[in-house]
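*Asks:* Have a look at this one before I ask anything.
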Amino acid sequence: MKTLIKNIAIIILGIIIGALSAFQAISTGWSVEVRKNNAWRMHQNYASAELSIYARAYLERSGHLPLPQDQAIYFFSYKDSDGNDLTANCDYEINGDDFQVYWWSISLHDSDFIKFENPSRRYSFNMANLVRQNDGRYKISISAKAKTGNWLPVNDQAAQDGAAFMLSLRLYGVERIMIGEAEQLSLPSVKRLGCS
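Throughout the sequence shown, residue numbering follows this note's numbering, covering 12 to 207 in sequence.
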């Protein structure tokens with residue numbers, strides 16, 4: 012009888028551990044292979060046929076519909092260039108240069124990859140709508156307080172709460188060589204200027 016109870020307990024424990032690990036993989040994208048470039052990360056097999064069932068479930072749950080990597084590369088960042096978490100109670104500056112691609116954009120999202128609501132209804136900048144500096148480079152400010160130039164606002168409540176957010180960098184019309192050299196690409200820096 013003790014053996015039967017022990018075996019049932021082991022089976023129940025196995026089911027619980029399996030369900031929790033599956034939920035964690037689906038919630039966080041554990042099984043998506045990640046390549047890093049400073050604060051940015053790229054999901055290597057994002058739109059690949061080899062994607063695991065957990066990673067596919069993660070993408071479906073998140074609402075992402077990625078293009079194949081011979082058409083687009085997606086980078087994400089939850090941290091600044093010094094490795095600190097991105098939070099809405101801090102001001103940030105993104106500095107970068109153009110990419111040799113057909114089109115690119117930088118967007119601000121909440122930690123669940125949903126557009127970060129703000130009164131200005133401004134969620135991203137792209138290569139066509141950026142105000143550039145004299146040398147052709149760009150600077151984007153992220154802050155709850157209005158800034159001149161390229162400003163991505165966070166809402167006041169998120170700033171008061173210190174809510175986490177993320178950035179996405181999307182490159183469309185990429186050359187295959189860029190995919191293989193994702194870790195060496197010159198990606199924008201994300202500098203924290205100060206926090207309230």
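Glycine included, C-beta positions come from ideal geometry on N, C-alpha and C.
(1) Mind checking who residue 147 pairs with in its DSSP beta bridge?
(2) Is residue 106 closer than 8 angstroms to residue 143 when the C-beta atoms are compared?
(3) In the structure shown, what three-state DSSP assignment does residue 19 receive?
(4) Does DSSP put residue 26 in a helix, in a strand, or in coil?
(5) Suppose the cutoff is 7 angstroms on Cβ atoms and the five residues either side in sequence are ignored; what does the same chain contact list for residue 193 look like?
(6) With H, G and I counted as helix, E and B as strand and the rest as coil, what does DSSP make of residue 172?
(7) What first and last residue would you give for the beta strand (DSSP E) that runs through residue 142?
(8) Got a sec? Which residues, its chain only, sit under 7 angstroms from residue 50 by beta carbon, not counting five neighbours each side?
(9) Report, in whole angstroms, the separation of the C-beta atoms of residue 135 and residue 118, which I expect to be a contact under 8 angstroms.
*Replies:* For this structure:
(1) Paired residue(s): none; residue 147 is not in a bridge.
(2) no
(3) helix
(4) helix
(5) 46, 48, 53 and 84
(6) helix
(7) If you look at residue 142, you'll find it isn't in any beta strand (DSSP E); DSSP assigns it neither H nor E.
(8) Cβ within range, chain order: 88, 90, 91, 92 and 201.
(9) With 8 angstroms as the limit, residue 135 and residue 118 qualify as a contact, their Cβ atoms being about 4 angstroms apart.
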